[in-house]
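Enquirer: Residue 112 in this note's numbering sits at position 111 of the sequence shown, with consecutive numbering throughout.
Backbone N, C-alpha and C fix where the C-beta goes; we use that ideal spot for every residue, glycine too.
Have a look at this one before I ask anything.
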Amino acid sequence: MIPYGRQLLDQDDYDAVLQVLQSHWLTQGPAVPAFEQAVAAACQAPFAVAMNSATSALHLACLALGVGPGDRVWTSPNSFVASANCARYCHADVDFVDIEPETGNLCTTALAIKLRQAAAQNRLPKVVIPVHFAGQPCDMLQIAELAAEYGFSVIEDASHAIGAHYQQQAVGNGMLSDITVFSFHPVKIITAAEGGMALTRDPALARKLQLLRSHGITSDAAELTEPSHGPWYYQQQILGFNYRMTDLQAALGLSQLHKLSTFVSERNQLATFYDSQFAGHTNIVPLHVKSDRHSSYHLYVIRIKGLSRRQHKACVEFLRGKGIVGHLHYIPIYLQPYYQQLGFHPGHCPNAEHYYAEAVTLPLFPGLKTSEQQYVVATLNAFLSSI
Ligand SMILES: *Cc1c(COP(=O)(O)O)cnc(C)c1O
């Protein structure tokens with residue numbers, strides 16, 4: 002089977018992990034800060050806080066920004082459930098802003114309209130979480146302008162988008178948001194097996210994220226509320242979690258980070274090849290990448306026009322039957338039973354639902370061969386001419 006995405010590891014990665022395994026520290030050692038500093042430097046952000054997943058990083062990003070019961074958090078319906086669940090962990094209410102069908106990203110026109118209505122009803126969101134779908138950054142300038150106008154905070158869910166650029170600037174630099182989150186799950190751009198990271202320009206937010214990551218505990222003399230009892234002393238100051246990344250994971254992540262730009266350029270080359278194959282097709286429309294951004298191409302998504310629901314399903318089944326893992330990113334989050342139980346109904350975001358009826362994710366990962374891409378294209382064409 003050709004998967005839709007997978008990691009690419011080499012001897013350097015194996016050596017990096019083995020070196021930690023044979024060292025004194027399996028966790029809470031030097032590899033985690035080394036990985037954090039390297040990601041921060043790569044993205045030109047002053048602070049980066051590693052965690053055991055992007056889901057954890059999104060949760061703590063919400064907490065650090067003060068999200069709590071009664072608050073509202075808005076995100077894109079075209080994302081993995083974690084983009085919305087993070088707000089539910091904080092007992093906040095979630096809502097969804099419809100997407101632009103051409104990019105799959107949150108639509109800033111829809112956002113502006115929804116904000117105007119919410120302002121009139123005194124129901125503005127505390128946080129908005131744009132998701133850089135498939136690796137393409139959202140319209141961050143417009144989002145930052147709306148954030149300033151309406152007074153909400155912004156968490157970029159950049160789980161797909163380490164290595165991407167917006168107006169020549171690295172995603173994660175934090176110039177247009179409060180916190181940016183990356184994922185290092187094996188299907189993402191670089192992997193730490195499991196892992197995530199939250200980047201920010203704000204030192205107070207960074208410290209809050211660090212405290213929350215490890216039980217809310219500090220032993221920093223400057224932060225203690227009473228004199229230290231002795232060398233063993235620490236204080237739990239807030240209710241935190243154990244969301245730490247291990248040194249084994251950080252060593253793998255750091256080794257992978259060295260290959261980030263190679264991975265992203267290979268993903269772009271593979272996407273360009275698919276684009277060229279679909280250029281003459283009127284009913285196959287690849288995602289559009291806007292001219293002022295560079296996608297990290299976590300996913301290669303096409304929209305197939307004119308298929309019925311049954312044909313759309315048959316298409317992905319046909320690919321799978323031929324050894325190709327076609328996939329679909331994403332089911333609109335609010336259509337999940339959990340969110341429908343909270344009161345969401347079909348029709349809430351029409352563009353996201355229309356997109357869901359057309360989208361197919363094709364295999365894209367470093368190491369995918371041209372012959373495999375040709376096979377994917379030929380198989381897709383065979384399906385389309387069979388219907
Ligand atoms: C993968 C993903 C997450 C969750 O990442 P984990 O590291 O697996 O917790 C969150 N948001 C989006 C958009 C993702 O694709």
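1) Would the segment 54-62 and the segment 194-204 be scored as touching if the rule is three or more Cβ pairs under 8 Å?
2) Is S178 a contact residue of ligand 1, with contact defined as CB to any heavy atom under 6 Å?
3) So, helix, strand or coil for I285, using DSSP?
4) Answer with buried or exposed for L363, where buried requires no fewer than 16 other C-beta atoms within 10 angstroms of its C-beta.
5) Enumerate, from N- to C-terminal direction, the unbroken alpha helix (DSSP H) stretches of 4 or more residues contained entirely within the segment 199-273.
6) Rounded to the nearest angstrom, how far is the Cβ of R214 from that of V50, given a contact under 8 Å?
7) Where do the N-terminal and C-terminal ends of the alpha helix (DSSP H) with V317 fall, by residue?
8) For T76, report the span of its beta strand (DSSP E) as first-last.
9) Given L206, which residues of its chain have a CB within under 7 Å of its CB, disregarding the five upstream and five downstream residues?
10) Quick check: what's the CA-CA separation for Y301 versus L365?
11) Could you name the residues of the same chain whose beta carbon sits closer than 6 Å to that of S297, not counting the 5 residues immediately before and after it, in chain order?
12) Is D72 a contact residue of ligand 1, with contact defined as CB to any heavy atom under 6 Å?
13) Does any heavy atom of ligand 1 sit closer than 6 Å to the C-beta of A154?
14) Decide if the segment 286-296 is in contact with the segment 335-351; the criterion is three or more beta carbon pairs, one per stretch, under 8 Å apart.
15) Which class does H392 belong to by DSSP, given the choice of helix, strand or coil?
16) Return yes when the C-beta of S77 is under 6 Å from any heavy atom of ligand 1, and no when it is not.
17) Can you check whether the CB of I114 is closer than 7 Å to the CB of D158?
18) Is it buried or exposed for K53, if we count other Cβ within 10 angstroms and need 16 for buried?
Expert: Judging by the given coordinates:
1) Yes, since at least three Cβ pairs between the segment 54-62 and the segment 194-204 fall closer than 8 Å, the two stretches touch.
2) In the sequence shown, counting from the first residue as 1, residue 178 sits at position 177. No; taking the cut-off as 6 Å, the Cβ of S178 has no heavy atom of ligand 1 nearer than that.
3) In the sequence shown, residue 285 corresponds to position 284, counting from 1. The answer is strand: DSSP assigns I285 an E or B state.
4) Position 362 of the sequence shown, counting from 1, holds the residue named residue 363. Per the 10 Å Cβ criterion, buried.
5) Counting only runs of 4 or more, we get 204-214, 248-258.
6) As a working mapping, residue 214 is identified with position 213 in the sequence shown. As a working mapping, residue 50 is identified with position 49 in the sequence shown. Going by Cβ atoms, the distance from R214 to V50 rounds to 6 Å, so yes, they are a contact pair.
7) Here the question's residue 317 lines up with position 316 in the sequence shown. Boundaries of the alpha helix (DSSP H) around V317: 310-322.
8) Against the sequence shown, residue 76 aligns to sequence position 75. Here the beta strand (DSSP E) through T76 covers 73-76.
9) As a first step, residue 206 must be located in the sequence shown, where it is residue number 205. Within the same chain, L206 has close Cβ partners A65, D179, I180.
10) Residue mapping note: residue 301 aligns to position 300 of the sequence shown, counting from 1. Residue mapping note: residue 365 aligns to position 364 of the sequence shown, counting from 1. Computed Cα separation, rounded: 6 Å.
11) Along the sequence shown, one-based indexing puts residue 297 at 296. Around S297: G136, A162, G164, A165, I190, V265.
12) In the sequence shown, residue 72 corresponds to position 71, counting from 1. Not so, every heavy atom of ligand 1 lies at least 6 Å from the Cβ.
13) Taking the first residue of the sequence shown as position 1, residue 154 is located at position 153. Reading off the sequence, residue 154 comes out as Ser, not Ala. Answer for S154: no, Cβ out of range of ligand 1.
14) Inter-segment contact for the segment 286-296 and the segment 335-351 is absent: fewer than three beta-carbon pairs are separated by less than 8 Å.
15) No statement about residue 392 is possible, as the shown extent of the chain runs from 2 to 388 and does not include it.
16) Counting from 1 along the sequence shown, the entry for residue 77 is found at position 76. Checking the Cβ of S77 against ligand 1 gives no.
17) Taking the first residue of the sequence shown as 1, we reach residue 158 at position 157. Taking the first residue of the sequence shown as 1, we reach residue 114 at position 113. For D158 and I114, no; Cβs fall outside 7 Å.
18) Locating residue 53 in the sequence shown gives position 52, where the first residue counts as 1. First, the residue type needs correcting, since residue 53 is Asn and not Lys in the sequence shown. Buried, by the Cβ-count rule.
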